[in-house]
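Chemist: Under our numbering, the sequence shown has 110 at position 108, and the numbering climbs by one with no breaks. The beta-carbon is built from N, C-alpha and C at its ideal position, and this holds for glycine as well.
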Amino acid sequence: MSNRTVLLLGSTGLVGGHVLRLLSRDETWSRVVTLGRREMERASPTHEHHVVDFDHLENHRDLFRCDDLAICLGTTIKQAGSQDAFRRVDLEIPVDAAELANDRGATRVALVSAYGADPSSRIFYNRVKGEAEEAIRSVGFESVTLLRPSLLDGDREEDRPGERIGLAVLRPLAPLLVGPLRPFRPTNAEDVARALVASLREGTPGVHTLEPEAIRERAA
Numbered sequence: 003m004s005n006r007t008v009l010l011l012g013s014t015g016l017v018g019g020h021v022l023r024l025l026s027r028d029e030t031w032s033r034v035v036t037l038g039r040r041e042m043e044r045a046s047p048t049h050e051h052h053v054v055d056f057d058h059l060e061n062h063r064d065l066f067r068c069d070d071l072a073i074c075l076g077t078t079i080k081q082a083g084s085q086d087a088f089r090r091v092d093l094e095i096p097v098d099a100a101e102l103a104n105d106r107g108a109t110r111v112a113l114v115s116a117y118g119a120d121p122s123s124r125i126f127y128n129r130v131k132g133e134a135e136e137a138i139r140s141v142g143f144e145s146v147t148l149l150r151p152s153l154l155d156g157d158r159e160e161d162r163p164g165e166r167i168g169l170a171v172l173r174p175l176a177p178l179l180v181g182p183l184r185p186f187r188p189t190n191a192e193d194v195a196r197a198l199v200a201s202l203r204e205g206t207p208g209v210h211t212l213e214p215e216a217i218r219e220r221a222a
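This is how it looks when you write it as structure tokens:
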């Protein structure tokens, strides 16, 4: 087992839960650190969890001493309650965390973004995701992986009616979505996790953007 530490944000989410399980079994990392608003059970002997105030991450600066950073935070405008609250979770907190981790020695980062992310998009959701990508790129990591899944397919603990309806429509249509429509096939959440962990493990220098098909290929 190597002596690397990986820090994971969003470990209780759909993708983050899979990421935590994969990291905890991978001998690439001797320490798997997660941060959250509530207590959680340890996933393995290498896992340690810390309850933090995400509105004041600078008060937890020492917890950001790591080699690799995985950001799987995400919400919806409905769940967040407002566009400003959505920006806080999907843009401001990830960027704050990235800057703190980079300052403390992290050289690799992987961010779960979304298909269609574009800082100049007229669609608010896509624009915020694009702004987050742009900000993460500029922090100064040696290796940056931006994962852009389409609609995530998996079993969430919380109910997201919009996603549930979207999956009900797109799952049966998936075989018909070919050519330029192929990226709109739902993306399996575990595939995103596998691609993220593989990217952190490899740590290829530069900025790498994985669209839905590239995520599936990397996961395989």
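Touch check for the region 76 to 84 and the region 31 to 39: three-plus C-beta pairs under 8 Å?
Modeler: no
Chemist: Please classify residue 52: is it buried, with 16 or more other beta-carbons within 10 angstroms of its beta-carbon, or exposed?
Modeler: exposed
Chemist: Considering Cα atoms alone, identify which of 190, 134, 111, 112 is closest to residue 122.
Modeler: 134
Chemist: Residue ranges of each alpha helix (DSSP H) run of no fewer than 4 residues wholly in the region 11 to 70, ordered along the chain?
Modeler: Unbroken alpha helix (DSSP H) stretches of 4 residues or longer found wholly inside the region 11 to 70: 16 to 27, given in chain order.
Chemist: Quick check on the DSSP output: the alpha helix (DSSP H) that includes residue 191 runs from which residue to which?
Modeler: 191 to 204
Chemist: I need the boundaries of the beta strand (DSSP E) containing residue 148, first residue and last residue.
Modeler: 145 to 149
Chemist: Using DSSP's beta-bridge definition, name the partner residues of residue 112.
Modeler: 72, 147
Chemist: So who's on the other strand from residue 7, going by DSSP bridges?
Modeler: Paired residues: 33.
Chemist: On the premise that residue 28 lies in contact with residue 203, defined as a C-beta separation below 8 Å, what is that separation, rounded to the nearest angstrom?
Modeler: 7 Å
Chemist: I want to know whether the region 108 to 117 touches the region 47 to 64 - three or more CB-CB distances under 8 Å.
Modeler: no
Chemist: Spatial neighbours of residue 6 within its chain, please: C-beta separation below 7 Å, excluding the five flanking residues on both sides.
Modeler: 30, 31, 32, 69, 70
Chemist: If you draw a straight line from the alpha carbon of residue 12 to that of residue 219, how long is it in whole angstroms?
Modeler: Inter-residue distance for residue 12 and residue 219 is about 24 Å (C-alpha atoms, whole angstroms).
Chemist: Contact defined as beta carbons within less than 8 Å: I believe residue 20 pairs with residue 200. What is the distance between those atoms, to the nearest angstrom?
Modeler: Not a contact, Cβ separation roughly 13 Å.
Chemist: At the level of alpha carbons, what is the spacing between residue 92 and residue 4?
Modeler: 31 Å
Chemist: What's the gap between the Cα of residue 221 and the Cα of residue 124?
Modeler: 31 Å
Chemist: Can you tell me the Cα-Cα spacing of residue 66 and residue 56, whole angstroms?
Modeler: Whole-angstrom Cα-Cα distance: 13 Å.
Chemist: Smallest Cα separation from residue 118: which of 24, 10, 98, 149?
Modeler: 149
Chemist: Does the separation of the CB atoms of residue 145 and residue 83 fall below 8 Å?
Modeler: no
Chemist: Got a sec? Which residues, its chain only, sit under 6 Å from residue 2 by beta carbon, not counting five neighbours each side?
Modeler: Not covered by the structure: residue 2. The range shown for the chain is 3 to 222.
Chemist: Candidates 86, 193, 73, 14: which alpha carbon is nearest residue 44's?
Modeler: 14
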